[in-house]
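Read the structure below first, then the notes.
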Amino acid sequence: MNHNQFKVFINQIPKLDPVQKQQAITSLNQQDNPILNRLAKENIQHSKCIHCDSKRIKKHGKSNGRQRFFCNQCGKSFVCTRGTAFFYQHKPEHWQAYLELMLKRETIRACAEKIGVSTVTAFNWRHRYMQATQHTFEAKLEGIIEVDEMYFRESQKGNKKLTRPARKRGTNASTHGLNNKDWVAVLTAMDRNHHEYDHVLQQVNGTEINNCLGCKIVNESILCSDGQPAYNKICQEHHLHHVVLKHAQPHNTVFHIQNINSYHSYLKQWMLQMHGVASKNLPKYLGWFRMLAWHKYQSFSDDFLTQREKLFEFKLLQVQQHNF
Ligand SMILES: [Zn+2]
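The sequence shown runs 6 to 329 under this note's numbering.
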């Protein structure tokens, strides 16, 4: 648009009615939406049709500010948000600000107030983003693997019907045992490259640990644990060398479970800031924390990356990995 055309365009603005003004603002915001731009770029790099995997895709205009792609192979089209946590999500102008607030560990209420959306929307967005992180970073653990289980108090928050008598506020839960229903056991494992795996266990026994962790580790690795007998089965099945570390044992420089213990301690502190997580939502929160921890361990530090860059390193913004 040349200078004269732009002048005419600007002079037309006072003639817009309030609804048209809002539409114009939304349209302008969407033109320069960093998340939508990033997703469009990801699709171009990925260059794969979401319907038939063909590489014969081309840009095909925009709908609601979202880049549309057309597949020459199957004749179907799709938008850049397809296959991501942002598919079918409204208000793209607020996505980035919302994610940044989530990174700052703001509460749902604070996010809603600062962004200008309802608390229900803020809650739904949070759970949608967290759900998208559940299956990220599924690299196999190898070498020296530290493993330990941790326990969270069982919570039926948000459930309309409790499956047990209600607890009195302020009462203490019984001490967590292996299969005590008051506690939810989470199996956590981490290798020395900071690949982390976690899984909510229904029961703490050898079969369940072998079933969930077995396919996530490289055979013949070294498993460091506190000696819980439930780890014996996985060690036999996957030919792992089992190093048992008792608390009283002197500090061993190579074989230890200090990394997993400090991960537990950060995770517990972080969970406290979440003001009570329902047990059914525990895997989502574990996924989000795993993603935060992964970025913390990477060589780039907060000093080197801006908030936006940090956001873009997130797998959350990569396409075609989730079924939304
Ligand atoms: Zn196709």
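We put the CB at the ideal spot given by N, CA and C, even for glycine.
These figures come from a predicted structure and were not determined experimentally.
Buried versus exposed call for residue i [16 or more other C-beta atoms within 10 Å across all chains shown]
i: Gln72; result: buried
i: Val249; result: exposed
i: Asn16; result: exposed
i: Phe305; result: With a pLDDT of only 39 at Phe305, under the threshold of 50, the placement of this residue in the model should not be trusted, and no figure is reported.
i: Glu151; result: buried
i: Phe14; result: exposed
i: Asp153; result: buried
i: Pro97; result: buried
i: His99; result: buried
i: Asp22; result: exposed
i: Thr86; result: buried
i: Ser230; result: buried
i: Lys251; result: exposed
Rounded C-alpha distance that separates residue i from residue j
i: Ser267; j: Thr258; result: 16 angstroms
i: Ala137; j: Gly292; result: 8 angstroms
i: Ala235; j: Lys289; result: 25 angstroms
i: Trp130; j: Gly148; result: 37 angstroms
i: Lys20; j: Gln27; result: 13 angstroms
i: Leu39; j: Phe91; result: Just to set this straight, residue 39 is Pro in the shown sequence, not Leu. About 13 angstroms.
i: His246; j: Leu228; result: 6 angstroms
i: Glu47; j: Lys166; result: 43 angstroms
i: Ser59; j: Asp37; result: 29 angstroms
i: His200; j: Gly66; result: 40 angstroms
i: Glu118; j: Asn215; result: 45 angstroms
i: Glu225; j: Glu242; result: 10 angstroms
i: Leu287; j: Val84; result: 31 angstroms
i: Met279; j: Val24; result: 38 angstroms
i: Leu44; j: Tyr93; result: 14 angstroms
i: Cys57; j: Cys79; result: 7 angstroms
i: Trp275; j: Glu111; result: 12 angstroms
i: Gln207; j: His261; result: 27 angstroms
i: Val191; j: Met6; result: 59 angstroms
i: Ala29; j: Val122; result: 20 angstroms
i: Ile212; j: Asn77; result: Note on identity: in this sequence residue 212 is Thr, with Ile being the wrong assignment. Each residue's Cα considered, the two are about 48 angstroms apart.
i: Arg133; j: Gly281; result: 18 angstroms
i: Phe11; j: Lys273; result: 56 angstroms
i: Leu277; j: Gln50; result: 40 angstroms
i: His244; j: Ser160; result: 37 angstroms
i: Ser52; j: Gln233; result: 47 angstroms
i: Ile18; j: His95; result: 25 angstroms
i: Cys116; j: Cys217; result: 35 angstroms
i: His8; j: Lys64; result: 29 angstroms
heavy atom of ligand 3 below 7 angstroms from residue i C-beta
i: Ser59; result: Ligands displayed in this structure: ligand 1; ligand 3 is not among them.
Nearest candidate by alpha-carbon position, reference residue i, set the options
i: Val189; options: Glu201, Asp196 and Val205; result: Val205
i: Ile62; options: Phe75, Leu250, His51 and Ser68; result: Phe75
i: Val209; options: Met155, Ala144 and Thr86; result: Met155
i: Asn198; options: Lys145, Leu287 and Lys81; result: Lys145
i: Asn120; options: His132, Arg110 and Leu106; result: Correcting the residue identity first, residue 120 is Ile in this sequence and not Asn. Closest by alpha carbon: Leu106.
i: Asn69; options: Gln101, Leu44 and Ser32; result: Ser32
i: Ala298; options: Leu108, Lys251, His132 and Ile239; result: Leu108
i: Lys162; options: Val24, Ser284 and Thr193; result: Ser284
i: Lys238; options: Lys251, Asp231 and Gly219; result: Gly219
i: Leu104; options: Gly88, His51 and Phe128; result: Phe128
i: Gln101; options: Gln139, Gly80, Asn77 and Asn42; result: Asn42
i: Tyr202; options: Gln50, Ile222 and Asp187; result: Ile222
i: Arg158; options: Gln207, His132, Asp187 and Ile49; result: Asp187
i: His269; options: Lys81, Thr193, Cys217 and Ile49; result: Thr193
i: Val125; options: Met135, Tyr134 and Ile113; result: Ile113
i: Ser82; options: Gly88, Cys54 and Leu277; result: Cys54
i: Asn264; options: Asp196, Cys217 and Gln233; result: Asp196
i: Met135; options: Val122, His95 and Thr89; result: Thr89
i: Arg295; options: Ser160, Gln50 and Gln139; result: Gln139
Closer than 7 angstroms: residue i CB and nearest ligand 1 heavy atom
i: Cys76; result: yes
i: Lys81; result: yes
i: His51; result: no
i: His56; result: yes
Which whole runs of the alpha helix (DSSP H) in the stretch 12–63 are 4 residues long or more, in chain order? Scanning the stretch 12–63 for uninterrupted alpha helix (DSSP H) segments of 4 residues or longer gives 23–36 and 39–51, listed from N- to C-terminal end.
Please list the segments of the beta strand (DSSP E) lying wholly inside the stretch 71–142, counting only runs of 3 or more residues, in order along the chain. Those beta strand (DSSP E) runs which fall completely within the stretch 71–142 and span 3+ residues are 71–76 and 82–84.
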